[in-house]
Amino acid sequence: MADTSLPPSPPLGTLIDNGSLELVELLGQGGYGIVYRAFDTRSPLPTSYAVKCLPHAHTSRSSRRRQLHLREIRLHKLASAHPNVVSLHRVIEDKDFTYIVMDYCEDGDLFTQILHQRRYLGQDELVKHVFLQLLDAVEYSHSLGIYHRDLKPENVLCFDGGVRLAITDFGLATTDAFSEEFRTGSAYHMSPECHGGQFAYNGTYSPLFNDVWSLGIILLNLLTGRNPWKSASSNDPTFCAYLQDPTHFLPTVLPISDEVNALLVRVLDVDWRRRLTVTEMKEYVKRIDNF
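If you number the sequence shown the way my numbering does, the last residue is 591 and the count never jumps.
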């Protein structure tokens with residue numbers, strides 16, 4: 301059911317930022333709002349941007365929504381100093397919406413490149429090249445105390461035919477070292493402790509090590525085009541099979557090398573306290589010859 305407290309979405313053709321940007325194409329939408337491609341009406345060269353449109357709710361809940369928008373903008377601005385984080389160019393406000401103006405990429409997201417283009421299958425050197433970019437970006441974010449909490453192929457944009465990657469969508473990002481906000485993000489890429497329950501020791505989880513888990517799943521996505529399970533929870537039979545023998549299970553169901561499996565045993569440890577950090581993960585990936 302639509303939230304009637306929210307204003308209707310801007311139609312295509314809407315001009316924003318004193319007429320300098322025209323919303324010309326719908327790129328995606330979800331609970332957060334809508335993403336458009338916008339054309340720069342004043343640039344001498346054809347220039348497009350991605351514009352994330354966040355609606356203002358005119359209810360008692362609006363201040364909470366507003367705080368979340370401001371947090372997303374603040375954390376994305378900080379992280380976007382890194383070349384593998386999508387650049388946030390400016391923020392535009394009007395009565396009904398906040399518009400976040402970011403890089404536009406014609407190559408789409410990593411999900412599309414993996415699933416529809418089959419871009420990385422059998423391309424070990426390319427996988428290593430782009431995955432190290434993601435690790436660099438997340439390592440940089442973590443050094444700032446920013447934890448993404450929604451790392452997945454849909455939130456990674458591809459440039460130059462999929463040779464350069466950049467992380468986007470900081471809508472769930474946090475600076476909390478420990479969190480009680482469970483089930484944030486995508487079930488496929490969420491750590492077992494983020495689901496809550498038996499793996500959430502002391503009733504909290506570490507967003508930092510939740511990101512590490514998500515990166516491990518993304519590596520499997522790049523290498524195999526598949527997810528190892530639907531959900532890292534006790535009601536998923538494949539994940540339960542993994543729990544029975546985490547050292548040997550993954551190579552029996554997915555085409556990965558012993559080197560990659562040895563890494564993932566350390567990254568997809570159900571006890572987050574034993575997981576590698578992103579920096580340790582990066583050094584490990586650099587040493588892998590056969591994926």
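Even glycine gets a Cβ: it sits at the ideal position worked out from N, Cα and C.
For S380, which residues of its own chain have a beta-carbon under 6 Å away from its beta-carbon, when the five flanking residues on both sides are left out? Stepping through the sequence shown from its first residue, residue 380 is reached at position 80. The answer, listed in chain order, is S387, L388.
Output the boundary residues of the beta strand (DSSP E) element that contains C458. If you number the sequence shown from 1, residue 458 lands on position 158. 456–459 is the span of the beta strand (DSSP E), which, as asked, contains C458.
Would you call F478 buried or exposed, if buried means 16 or more other Cβ atoms sit within 10 Å of its Cβ? Here residue 478 refers to the residue found at position 178 when the sequence shown is read from its first residue. F478 is exposed by the Cβ-count criterion.
Roughly how many angstroms separate the alpha carbons of L326 and S348, rounded to a whole number? To locate residue 326, count along the sequence shown from 1; it is residue 26. To locate residue 348, count along the sequence shown from 1; it is residue 48. Roughly 13 Å separates the two Cα atoms.
Span of the beta strand (DSSP E) around R566: Your numbering for residue 566 matches position 266 in the sequence shown. Premise fails: R566 lies in the alpha helix (DSSP H), 558–567, not in any beta strand (DSSP E).
With E322 as the anchor, note down where its beta strand (DSSP E) starts and where it stops. The residue given as residue 322 occupies position 22 in the sequence shown. Residues 321–330.
Three-state secondary structure (DSSP) of V570: Working through the sequence shown from its first residue, we reach residue 570 at position 270. It is coil, neither helix nor strand.
Would K452 be called buried (16 or more neighbouring beta carbons within 10 Å of its own) or exposed? Along the sequence shown, read from residue 1 onward, the residue named residue 452 stands at position 152. With 16 or more Cβ atoms within 10 Å of its Cβ, K452 is classed as buried.
Skipping 5 residues on each side, what residues in its chain have a beta carbon closer than 6 Å to that of Q413? Within the sequence shown, the letter at position 113 stands for residue 413. Within the same chain, Q413 has close Cβ partners R419, C458, G462.
Which word fits N318, buried or exposed, when buried means at least 16 other C-beta atoms lie within 10 angstroms of its C-beta? Reading the sequence shown from its first residue, position 18 is the one you call residue 318. Exposed, because fewer than 16 other Cβ atoms sit within 10 Å of the Cβ of N318.
Quick check on I373: does DSSP put it in helix, strand or coil? As a working mapping, residue 373 is identified with position 73 in the sequence shown. Residue state, collapsed to three classes: helix.
Is T552 buried or exposed, if buried means 16 or more other CB atoms sit within 10 Å of its CB? In the sequence shown, residue 552 corresponds to position 252, counting from 1. Its Cβ having fewer than 16 others within 10 Å, T552 is exposed.
With S486 as the anchor, note down where its beta strand (DSSP E) starts and where it stops. Position 186 of the sequence shown holds residue 486. Taken as a continuous stretch (DSSP letters only), S486 belongs to no beta strand (DSSP E), as it is neither H nor E.
Contact the stretch 498–510 vs the stretch 541–551: 3+ CB pairs below 8 Å: no
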